[in-house]
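Chains as they are written, first to last, in the UniProt record's numbering: chain A, 1 to 208; chain B, 1 to 208. One structure is given below, encoded as structure tokens.
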DNA sequence: TTGCGTTGTAATCATCCGATTACCTAATTC
DNA sequence: GAATTAGGTAATCGGATGATTACAACGCAA
């Protein structure tokens, strides 16, 4: 019922910092960079709004840190997978690693928000750099061909979109959704579905 | 050098309406829903800001119209492709149609912006509906299997991300970008590259 | 020309948001 | 235990933004 961390009075700034970063990741992931406010982040972290901006300088720098941390997690998860059991093909190991990452929607959602802001002079640059870092990892460290890497990334982007769209919210009401999700997350469907329950006020889909 | 349409004095409201919708598509596509302002749209369309909101009621309704029009264009392009030359496989026809759509970045970018806003109570619903409409078209009208449709959509999502990220801006400076783009747009690379010149102030990528 | 509906804008409003300032209080040090 | 640093917040500011209102100019019909 209670939150995981419920400290009273003072806390080390470093601890508070990761709390705020976690909150920012969730908020930015749901609302996007421009749609989120520093006050939303502050409330989610249980601190005051001025404290958030003073810790990170600007809203933009806060988002860049969130983005950077998301990329770090992906890269390290992939590196672990690459160093894993050589019996199973590397593409499958990486796929499993990616699947594990979906447990925290915000990681992948923040990446997607950055990816579609390529026209932004500062976020766009970081998005391109981060994306190409991942591509290079697939090519050079995982030993994939350009076509294999492209195909792997394509599947990942579709998974990201499906998560961002909250398609799981319509799992119960639309058989086509079930079918598609089954194709996007082969074998893992039931597992991943448990981690993505529909929002409380899930509106039934209306056709236009 | 001059814009396509340069009418003086009065114009029929319907004509003006499509001008504003075109402008809105570009602006929303670049900045996203929350990042764009009605004033940016107004300036791009050459009208006053109050006129924009009076024509469409609210900024949200304007975005929904942009989104709806984008979906309509995709659906009709796909239906044309499905009705095309039966000699060439339908997946290839659809791929060509999708490639043609990339000529207007904003169509696909607005879709992506909507797709990552699934948590929004009104945009999210439209995003899911529109996406599933496309999926159903692939399954029922194009006769694809669930796996074929999923694979097709995956490739499309990667293409959208690559366009949104403005990866073409780094084509000249990064060989890995060239390689990846070659894998994402097989055969069509040179063709599509002509339609996506880098921004004037293209910042060279910095590694973090 | 007068009248009137359509097309459009200038001015303005209320709100929100990121950022700044000034201040407060719990620890830590000496 | 006084002094000092570190961890915070309340209050507020200036600018941006979506929306409203009131008004102006054009064009057409009688």
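Every residue gets a Cβ at the ideal spot worked out from N, C-alpha and C, and that includes glycine. These numbers come from a predicted model, not from an experiment.
Quick test of your reading: residue 74 of chain B and residue 141 of chain B, contact by CB under 8 Å. State the CB separation rounded to the nearest angstrom. For this step, residue 74 of chain B is matched to residue 74 along the second chain. For this step, residue 141 of chain B is matched to residue 141 along the second chain. No, residue 74 of chain B and residue 141 of chain B are not in contact; Cβ-Cβ is about 13 Å, not under 8 Å.
Cβ neighbour criterion (16 or more within 10 Å) applied to residue 32 of chain A: What you label residue 32 of chain A is simply residue 32 of the first chain in a count that begins at 1. The residue is buried, with at least 16 neighbouring Cβ atoms inside 10 Å.
Quick one: what's got a C-beta closer than 6 Å to residue 139 of chain A's C-beta in the same chain, skipping five residues either side? For the purposes of this step, residue 139 of chain A is identified with residue 139 of the first chain, where counting begins at 1. The residues are 149.
By DSSP, does residue 37 of chain A sit in helix, in strand, or in coil? Looking up residue 37 of chain A in the first chain gives position 37. In this structure, residue 37 of chain A counts as coil in the three-state DSSP scheme.
Tell me, please, whether the stretch 19-37 of chain A touches the stretch 49-64 of chain A by the rule of three or more beta-carbon pairs shorter than 8 Å. yes
Answer yes or no: do residue 153 of chain B and residue 184 of chain B have a C-beta to C-beta separation smaller than 8 Å? One-based indexing of the second chain puts residue 153 of chain B at position 153. One-based indexing of the second chain puts residue 184 of chain B at position 184. Not in contact: residue 153 of chain B and residue 184 of chain B (Cβ atoms no closer than 8 Å).
Counting pairs of Cβ atoms below 8 Å between the stretch 89-100 of chain A and the stretch 26-46 of chain A, do you hit three or more? no
Straight-line CA distance for residue 124 of chain B to residue 55 of chain A? Your numbering for residue 124 of chain B matches position 124 in the second chain. Your numbering for residue 55 of chain A matches position 55 in the first chain. The straight-line gap from Cα to Cα measures roughly 32 Å.
Partners in chain B for residue 171 of chain A, counting only beta-carbon separations shorter than 8 Å: Translated into positions along the first chain, residue 171 of chain A becomes position 171. Those within 8 Å of residue 171 of chain A in chain B number zero; the least Cβ separation is about 11 Å.
Collapsed DSSP secondary structure at residue 6 of chain A in the structure displayed: In the first chain, counting from the first residue as 1, residue 6 of chain A sits at position 6. Note on residue 6 of chain A: pLDDT 45, under 50, position unreliable in the model; the coordinate value appears next. Note: residue 6 of chain A maps to coil in three-state DSSP.
Would you grab the beta carbon distance between residue 164 of chain A and residue 115 of chain B for me? Rounded to a whole angstrom, and I think it's under 8 Å. The residue you call residue 164 of chain A lines up with position 164 of the first chain. The residue you call residue 115 of chain B lines up with position 115 of the second chain. Confirmed, Cβ separation roughly 6 Å.
What did DSSP end up calling residue 130 of chain B once you bin it into helix, strand or coil? Locating residue 130 of chain B in the second chain gives position 130, where the first residue counts as 1. Helix at residue 130 of chain B.
Give me the Cα-Cα distance between residue 187 of chain B and residue 37 of chain A, rounded to the nearest whole angstrom. Residue numbering aside, residue 187 of chain B sits at position 187 when the second chain is read from its first letter. Residue numbering aside, residue 37 of chain A sits at position 37 when the first chain is read from its first letter. Each residue's Cα considered, the two are about 43 Å apart.
Check residue 194 of chain A in the structure and name its three-state DSSP category. Counting from one through the first chain, the residue named residue 194 of chain A turns up at place 194. Three-state DSSP puts residue 194 of chain A in a helix.
Report yes if the C-beta distance between residue 110 of chain B and residue 29 of chain B is below 8 Å; otherwise report no. Numbered from 1 along the second chain, position 110 holds the residue referred to as residue 110 of chain B. Numbered from 1 along the second chain, position 29 holds the residue referred to as residue 29 of chain B. Yes; because the gap between Cβ atoms is below 8 Å, this pair is in contact.
Which of the three DSSP states is assigned to residue 202 of chain B in this structure? Residue 202 of chain B sits at position 202 when you count from the first residue of the second chain. Below a pLDDT of 50, predicted positions are generally treated as unreliable, and residue 202 of chain B, at 47, falls in that range; the measurement from the model is reported next regardless. Three-state result, residue 202 of chain B: coil.
Does the beta-carbon of residue 169 of chain A have 16 or more other beta-carbons within 10 angstroms, so that it is buried, or is it exposed? Residue numbering aside, residue 169 of chain A sits at position 169 when the first chain is read from its first letter. Buried is the call here.
Grab me the residues of residue 171 of chain A's own chain with a C-beta within less than 7 Å of its C-beta, minus the 5 sequence neighbours each way, in chain order. Along the first chain, one-based indexing puts residue 171 of chain A at 171. Counting only Cβ-Cβ distances below 7 Å, and skipping sequence neighbours, we find 177, 178, 181 and 193.
Roughly how many angstroms lie between the CA atoms of residue 26 of chain B and residue 57 of chain B, to the nearest whole one? The residue labelled residue 26 of chain B in the question sits at position 26 within the second chain. The residue labelled residue 57 of chain B in the question sits at position 57 within the second chain. So the alpha carbons of these two residues sit roughly 19 Å apart.
For residue 133 of chain B, the nearest candidate out of B/71, B/117 and B/52 (CA to CA): What you label residue 133 of chain B is simply residue 133 of the second chain in a count that begins at 1. Taking only the C-alpha atoms, the option nearest residue 133 of chain B is B/71.
In chain B, which residues lie with their C-beta within 7 Å of the C-beta of residue 131 of chain A? Looking up residue 131 of chain A in the first chain gives position 131. Correct list: 165.
Proximity of residue 167 of chain A and residue 78 of chain A at Cβ, strictly below 8 Å: Residue numbering aside, residue 167 of chain A sits at position 167 when the first chain is read from its first letter. Residue numbering aside, residue 78 of chain A sits at position 78 when the first chain is read from its first letter. Result no, Cβ atoms of residue 167 of chain A and residue 78 of chain A do not sit closer than 8 Å.
What's the C-alpha gap between residue 11 of chain A and residue 43 of chain A? In the first chain, the residue the question calls residue 11 of chain A occupies position 11. In the first chain, the residue the question calls residue 43 of chain A occupies position 43. Taking the straight line from one Cα to the other gives about 17 Å.
Keeping to the same chain, check which residues put their C-beta closer than 8 Å to that of residue 113 of chain A; ignore five residues upstream and five downstream. Residue numbering aside, residue 113 of chain A sits at position 113 when the first chain is read from its first letter. Cβ neighbours of residue 113 of chain A beyond the five flanking positions: 28, 29, 32 and 33.
For residue 221 of chain A, go through chain B and note every residue whose CB falls closer than 7 Å to its CB, in chain order. Here chain A comprises residues numbered 1 to 208, so residue 221 of chain A is not present and cannot be evaluated.
Any chain B beta carbon closer than 8 Å to residue 73 of chain A: Here residue 73 of chain A refers to the residue found at position 73 when the first chain is read from its first residue. Chain B contact via Cβ: absent.
Taking just the CA atoms, how far does residue 135 of chain B sit from residue 270 of chain B? As displayed, chain B neither begins before 1 nor continues past 208, which places residue 270 of chain B out of reach and without an answer.
With H, G and I counted as helix, E and B as strand and the rest as coil, what does DSSP make of residue 88 of chain A? The residue you call residue 88 of chain A lines up with position 88 of the first chain. If DSSP states are grouped into helix, strand and coil, residue 88 of chain A belongs with coil.
Residue 152 of chain B lies in the alpha helix (DSSP H); which residues open and close that run? By 1-based counting over the second chain, the position of residue 152 of chain B is 152. Residues 146-164.
CB contact check: residue 79 of chain A to chain B, cutoff 8 Å: Locating residue 79 of chain A in the first chain gives position 79, where the first residue counts as 1. Taking Cβ atoms only, chain B never reaches closer than 8 Å to residue 79 of chain A, which makes this a no.
Can you find the residues in the same chain that come closer than 7 Å, C-beta to C-beta, to residue 126 of chain B, ignoring five residues on each side of it along the sequence? Here residue 126 of chain B refers to the residue found at position 126 when the second chain is read from its first residue. Excluding positions up to five away in sequence, the list reads 64, 67 and 114.
Would residue 108 of chain A and residue 160 of chain A be called neighbours here (beta carbons separated by less than 8 Å)? Stepping through the first chain from its first residue, residue 108 of chain A is reached at position 108. Stepping through the first chain from its first residue, residue 160 of chain A is reached at position 160. Contact flag set, yes.
Thinking C-alpha only, which one of A/80, A/50, A/85 and A/86 is nearest residue 98 of chain A? Numbered from its first residue, the first chain carries residue 98 of chain A at position 98. Nearest C-alpha to residue 98 of chain A: A/80.
Can a CB atom of chain A be found closer than 8 Å to the CB of residue 177 of chain B? Residue mapping note: residue 177 of chain B aligns to position 177 of the second chain, counting from 1. Yes, residue 177 of chain B counts as interfacial toward chain A.
Separation of residue 47 of chain B from residue 14 of chain B, as counted between CA atoms: Here residue 14 of chain B corresponds to residue number 14 of the second chain, with the count starting at 1. Here residue 47 of chain B corresponds to residue number 47 of the second chain, with the count starting at 1. If you take the alpha carbons of residue 14 of chain B and residue 47 of chain B, they lie about 14 Å apart.
Whole angstroms is fine: what's the gap from residue 121 of chain A's alpha carbon to residue 100 of chain A's? Within the first chain, the letter at position 121 stands for residue 121 of chain A. Within the first chain, the letter at position 100 stands for residue 100 of chain A. Taking the straight line from one Cα to the other gives about 32 Å.
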